[in-house]
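*Asks:* According to the working numbering, numbering within the sequence shown proceeds without interruption in unit steps and concludes at 375. The structure under discussion is supplied below as structure tokens; questions concerning it will follow.
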Amino acid sequence: MAAVESTVLETTPPDVVPQTTSAPGARRRLLFLRNAKALTGLSMLAFFGVIAVIGPWIAPYDPSAMSDALLQPPSAAHWLGTTHTGQDVLSQIIVGTRGVLVVGLISGVLATLIGMLVGVTAGFVGGVGDETLSALSNVFLVIPQLPLIIIIAAQVPGAGGVTVAFIIAITGWAWGARVLRAQTLSLRRRDFVEAARANGERTMRIIFAEIMPNLTAIIAAGFVGTVTFAVLSQITLAFLGVTPISEWNWGTILFWAQNNLALQRGAWWWFVPAGLCIAALGMALTLINFGIDEFVNPRLRSTGLKARELKRRGIRPRIGFTPVVDEPRADDRPGEVDAARAVAAPAAPTTQEAGR
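See below:
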């Protein structure tokens, strides 16, 4: 970790370093929770997680129970309306949350573990082992995942949520393995790894104590991406009717709504809430991924800090990769120009200046 901190010290601008790299390890890990994107995403994901755990106990009705209230709009008795057989839509969404998150969690954990095993081993060992594992990863990379998942799930009798999660994990680990292999190749020749070898450390200890801690952020980002793909794949399979339609999840709700012409009947309450839940969960996972990127990337951190500093000073930078302030004019006040130059990055030279 010392090598990583020294690299951040060299690449991060001087005005940003004291706020990030000088903090202790525990305090620096808490800085991730101060990121607005990560905090928002984690809050939304925690809400869905609570619903998944206590959903069957707080659902107002049995999601499969039929009633005489056929295709009723939202009301006091049924907050999100009913289906064509009188089933409560809110209860179906609450109960179906567990199936979506369970599949995403199981798939994310399994795919991440397989990707770590293959990627880190290939990058650290090298030679024939690297070529063999890389060839295996390339085979899975070129296979279209969703059609393969549909074919396998259709051939497995009674493929439930856990079975679908295993299928998604087996077909979705290759991309994470390639990324981890590339990062391991760049880390295995670093000074702190060579020093561990010189001290006679065992290979397993070098991998788990020296290399794996430097891959934590990449592993976390890969896990979030795999969970997102698994959730969307599970909903797609349920919407197509590949998985058992008796197991409630958000895709099953959309399946029944589409088959019973909910859109043509004007029953927007049957499919809109489920679609909004899918979008909200996808946004939560995406925000967490963005937060991880900003936490581990010094350039993204420094750019965000500069943008906030400029906004606090009342200076509006040009749109670009780095904040840039216009050249001072005759009517500018000297104090504002000096403040802008102290915070913003220098502007690119003009053509006449370049010619000189």
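The beta carbon of each residue, even a glycine, is placed where N, CA and C say it ideally should be.
Tell me whether residue 101 sits in a helix, a strand or coil according to DSSP, three-state version.
*Replies:* DSSP places residue 101 in strand when its eight states are reduced to three.
*Asks:* What would DSSP say about residue 391, mapped onto helix, strand or coil?
*Replies:* The question about residue 391 has no answer here: the residues shown for the chain are numbered 20 through 375.
*Asks:* Would you please state the rounded distance, in angstroms, between the beta carbons of residue 100 and residue 289? I believe it to be under 8 Å.
*Replies:* Yes, they are in contact, since the Cβ atoms of residue 100 and residue 289 sit about 7 Å apart, within 8 Å.
*Asks:* Just to check my reading of the structure: residue 57 and residue 310 have Cβ atoms closer than 8 Å, yes? What is that Cβ distance to the nearest angstrom?
*Replies:* 3 Å between Cβ atoms; contact.
*Asks:* At the level of alpha carbons, what is the spacing between residue 280 and residue 142?
*Replies:* Between residue 280 and residue 142, the C-alpha separation is close to 52 Å.
*Asks:* For residue 341 and residue 103, I'd like the C-alpha separation in whole angstroms.
*Replies:* Since pLDDT at residue 341 reaches only 48, below the 50 mark, its modelled position is unreliable, and no value is offered.
*Asks:* Taking Cβ to Cβ, would you say residue 112 is nearer than 9 Å to residue 77?
*Replies:* It is not a contact, given that the beta carbons lie outside the stated cut-off.
*Asks:* Name, in chain order, the residues that DSSP records as bridge partners for residue 107.
*Replies:* Note: residue 107 sits in a beta bridge opposite 101.
*Asks:* My understanding is that residue 152 touches residue 140, with C-beta atoms under 8 Å, so please give their C-beta distance in whole angstroms.
*Replies:* Right, their Cβ atoms sit about 6 Å apart.
*Asks:* Taking the alpha-carbon positions, what's the residue 64 to residue 303 distance?
*Replies:* Residue 64 and residue 303: Cα-Cα distance of roughly 6 Å.
*Asks:* Please check the pair residue 216 and residue 225, which I expect to be a contact at CB under 8 Å, by giving their CB distance rounded to whole angstroms.
*Replies:* Yes, residue 216 and residue 225 are in contact; Cβ-Cβ is about 7 Å, under 8 Å.
*Asks:* According to the neighbour-count rule (16 or more other Cβ atoms, all chains shown, within 10 Å of its Cβ), is residue 246 buried or exposed?
*Replies:* Buried.
*Asks:* Nearest to residue 156 by alpha carbon, out of 134, 313 and 79?
*Replies:* For residue 156, the nearest C-alpha among the options comes from 134.
*Asks:* Excluding sequence positions up to five away, which residues of its chain have a Cβ less than 7 Å from the Cβ of residue 79?
*Replies:* Closer than 7 Å at Cβ, skipping near neighbours: 107, 109 and 110.
*Asks:* So, for residue 121: in the same chain, excluding its five sequence neighbours on each side, which residues have a beta-carbon less than 8 Å away from its beta-carbon?
*Replies:* Answer for residue 121: 71, 180, 181 and 184, listed in chain order.
*Asks:* Does the pairing of the stretch 167 to 179 with the stretch 227 to 240 give three or more beta-carbon distances under 8 Å?
*Replies:* With a cut-off of 8 Å, the stretch 227 to 240 and the stretch 167 to 179 do not count as touching, because too few Cβ pairs lie within range.
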